[in-house]
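Novice:
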Amino acid sequence: MSQQKSNKPAPADTASVTPRATDYAQWYLDVIKRADLAEHSPVRGCMVIKPHGYAIWEKMQRELDDRFKATGHVNAYFPLFIPLSFLTREEQHAAGFAKECAVVTHHRLKSIDGEVVVDPESKLEEPLVIRPTSETIIWAQYKSWIQSYRDLPILINQWANVVRWEMRTRLFLRTAEFLWQEGHTAHATEAEAIEETARMLDVYADFAENVAAVPVIKGRKTEGERFAGALDTLCIESMMQDGKALQMGTSHYLGQNFARSSDVTFLSKEGKREFVYATSWGVSTRLVGALIMTHSDDNGLVLPPKLAPIHVVVIPIFKNDAEKASTFAEATKVVAELKSQGLAVKLDDRDGIMPGAKYYEWEAKGVPIRIEIGPKDLEKGSLCLVRRFVLEKEGETDQDLRKRRKTFLPRAEAIASIKPTLDTMQRELLERARSLRAKRSRVINTMQEFENFFTKEDGGFAWVHWAGDHDKEDEMAKRFETSIRCIPFPDQLPEDARGEGQCILTGGPSPQRVLMARAY
RNA sequence: CGGGACGUAGCGCAGUUUGGCUAGCGCGCUUGGUUCGGGACCAAGAGGUCGCGGGUUCAAAUCCCGCCGUCCCGACCA
């Protein structure tokens, strides 16, 4: 954890790779700032996503969008404003979002004595809610699109912003306005909709693990944590470096609730009039927060290569004009060769900045590989490759770690090694996150163990048998600040956590363990 | 929305208790020179509605009132 006295961070030598939980919130903000990802806007609870942060989100969008297309979905766009009466059609849904809605009530301003105010004359007949999610407005539209089973399924995704007026906000994790994608599908049968719900959860899990290198537990929310208006909410849960859980994505089976409240019916093959079955699913810019809290270290952001807007940064090193000319010439060539391999490469040709300063800067931004090109490399026909991170070895000092990140290779070999190295880094990040999660996961059989785990020890993921009801869940939440993150699918349980047992609270029979943890 | 802390140059802060000279410091920025393989140095320079509004006073960054914002802790949550 770097203690910053000025805006110059502590030297990397003093850094530890896994930040301590107590300072975690501060560390998190520090990484965001140093990586230049985002900042608070003067607008209440809102975030400005800066170019580097947005570039990462764009990479995520593309990876997700490709997967949506591959599973037959198409993109569309629906309005930002939801008439109040639409939102309240589905009772539970409205109740769930009631406390966090921004509402537009007027449509005009007026100048009174040189001061611009809301014109009271311009009051809307019906208030417009700024979408906290789009189920209601989309289903109002689907009504006119669906008459026959031949119109189904509708498999639509929307990339949009939504607003939820949260009391307390944190950059990327919870902001008043956030960017996301929301899929809204309509089906003729229950089975098809349920299948879609599971399919999209798998898409999210695939993205999380194979692109973001964030290992996830797939499971089902308890009744209390279920999406407002859904019959079933599936989710992926991941563990951050401080042991807390983060919900990374949800996929809801909505049954016929929204079809019923918007009166969307169709004629089946058999000529029967039925309500349409629905799903919705979404992930948000919170994923960027997950990325930061899963991989980064005290030197700043660490990006999985698949989400890195820049794969390689090339830094020429020189002492005089002659050296500058020769190293730049070589650097330019190297950049071109790497680009022709389809890599995103940046040449840092800024003048008057010490090479060391550049190293720190690009490391803070999470660029996976740095290539240094100096006179010695030109002489030897070699390149100096430095990886953003390598897997730590037991008892290794920061100095050793740093040395091990650096390799000198003959030029051709170096250039050929970039892609495989990126692949390795991608794999190792997932591996590292998995092993951290394993270290902080515990099969727990008694309340005493549970209490120790979350009060005396650092806590993490607790696998416990649970048969308590809703109130008992709240009780646990009050006592330990933990919640049931999900009821995992059976194949998601660690080997030693499988099978039936007794509830740690009531002693009643429990068919399987659930995942309990503190959460963001 | 409740409890706490804070708001002074792009960033980090001192100054506020006890009102008083032209509002300071470090980093960053600009220019020139020397530097350049892990955060350079010297010199000169630019940069301020002291969060906003009102009040007290000969005089307010400093005292009083109101508002706004940020962070931390609760309740709410992707």
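Those letters in the first sequence? Residues 6 to 525, per this note's numbering, in order. Yeah, the Cβ is synthetic: ideal placement off N, Cα and C, and Gly gets one too.
1) Are three or more beta carbon pairs between the segment 492-510 and the segment 220-227 nearer than 8 Å?
2) List the endpoints of the continuous alpha helix (DSSP H) containing Q31.
3) In angstroms with no decimal places, state the Cα-to-Cα distance between A26 and Q246.
4) With burial defined as no fewer than 16 other Cβ atoms inside 10 Å of the residue's Cβ, what is the status of G400: buried or exposed?
5) Three-state secondary structure (DSSP) at G512?
6) Cutting at 7 Å between CB atoms, please list the residues of its own chain near K249, excluding the five before and the five after it.
7) Name the two residues that bound the continuous alpha helix (DSSP H) containing F466.
8) Please name the residue in A99, H470 and R437 whose C-alpha comes closest to that of T451.
9) Going by beta carbon distance, what residues of the same chain come within less than 7 Å of H111, once the five residues before and after it are set aside?
10) V48: buried (16+ other C-beta within 10 angstroms of its C-beta) or exposed?
11) Could you check the C-alpha separation between R416 and L308 for me, to the nearest Å?
12) Considering only residues of the same chain and omitting the five flanking positions on each side of L312, which have a CB-CB separation below 8 Å?
13) Buried or exposed for P425, please, with buried defined as at least 16 other CB atoms from any protein chain shown within 10 angstroms of its CB.
14) What do you get for L42, buried or exposed, if any count of 16 or more other CB atoms within 10 angstroms of its CB means buried?
15) For W150, count neighbouring C-beta atoms within 10 Å of its own C-beta (all shown protein chains included) and say buried if the count is 16 or more, exposed if not.
16) In the DSSP assignment, find the alpha helix (DSSP H) that holds L434 and state where it starts and stops.
17) Taking P514 as the reference, which of A181, D496, D474 and L114 has the closest Cα?
18) If you scan the segment 293-375 from start to end, which runs of the alpha helix (DSSP H) of 4 or more residues do you find wholly inside it?
19) Indicate whether R169 and E105 have their beta-carbon atoms separated by less than 8 Å.
20) Touching or not, the segment 447-461 and the segment 319-328, by the rule of three or more beta carbon pairs under 8 Å?
21) Can you list, in chain order, the residues of its chain with a C-beta nearer than 7 Å to that of C389? Leave out the 5 residues immediately preceding and following it.
22) To the nearest angstrom, how far is the alpha carbon of A362 from that of I322?
23) Please classify Y82 as buried or exposed, where buried requires at least 16 neighbouring CB atoms within 10 angstroms.
24) Okay, do the segment 264-281 and the segment 176-190 touch, 3+ Cβ pairs below 8 Å being the bar?
25) Helix or strand or just coil, what does DSSP make of I151?
26) Which runs of the beta strand (DSSP E) spanning at least 3 residues fall entirely within the segment 42-119, listed in chain order?
27) In angstroms with no decimal places, state the Cα-to-Cα distance between R113 and F183.
28) Return yes when the Cβ of Y33 is within less than 8 Å of the Cβ of M298, no when it is not.
29) Once DSSP output is grouped into helix, strand and coil, what is the label at D237?
30) Grab the span of the alpha helix (DSSP H) containing T202 for me, first residue to last.
31) With C-beta atoms as the reference, is E214 less than 8 Å away from V208?
32) So if DSSP puts Y282 in a beta bridge, which residue, or which two residues, is it bridged to?
33) Based on Cα-Cα distance, which residue from T284, C240, T487 and K483 lies nearest to G465?
34) Can you tell me whether G379 is buried or exposed? The criterion is at least 16 other CB atoms within 10 Å of its CB, across all chains shown.
35) Only counting the same chain, and skipping five residues up and downstream in sequence, which positions put a Cβ closer than 6 Å to that of A210?
36) Report, in whole angstroms, the separation of the C-beta atoms of Y147 and T202, which I expect to be a contact under 8 Å.
Specialist: Let me lay it out:
1) yes
2) Y29 to R39
3) Interpretation of A26 is limited by its pLDDT of 41, a score under 50 that renders its predicted location unreliable; no figure is taken from the coordinates.
4) exposed
5) coil
6) A522, R523, A524 and Y525
7) No alpha helix (DSSP H) holds F466; the beta strand (DSSP E) holding it covers F466 to H470.
8) H470
9) V123, D124, S127, K128 and L129
10) exposed
11) 25 Å
12) I61, K64, M65, E68, V216, A217 and L296
13) exposed
14) buried
15) exposed
16) R416 to K444
17) D474
18) 326-344 and 360-369
19) yes
20) no
21) I376, E377, D382, K411 and F413
22) 12 Å
23) exposed
24) no
25) coil
26) 43-45, 52-54, 86-88, 108-111 and 114-117
27) 26 Å
28) yes
29) strand
30) E195 to N215
31) no
32) H192
33) T487
34) buried
35) V221, K223 and I241
36) Y147 to T202, Cβ: 17 Å. No contact.
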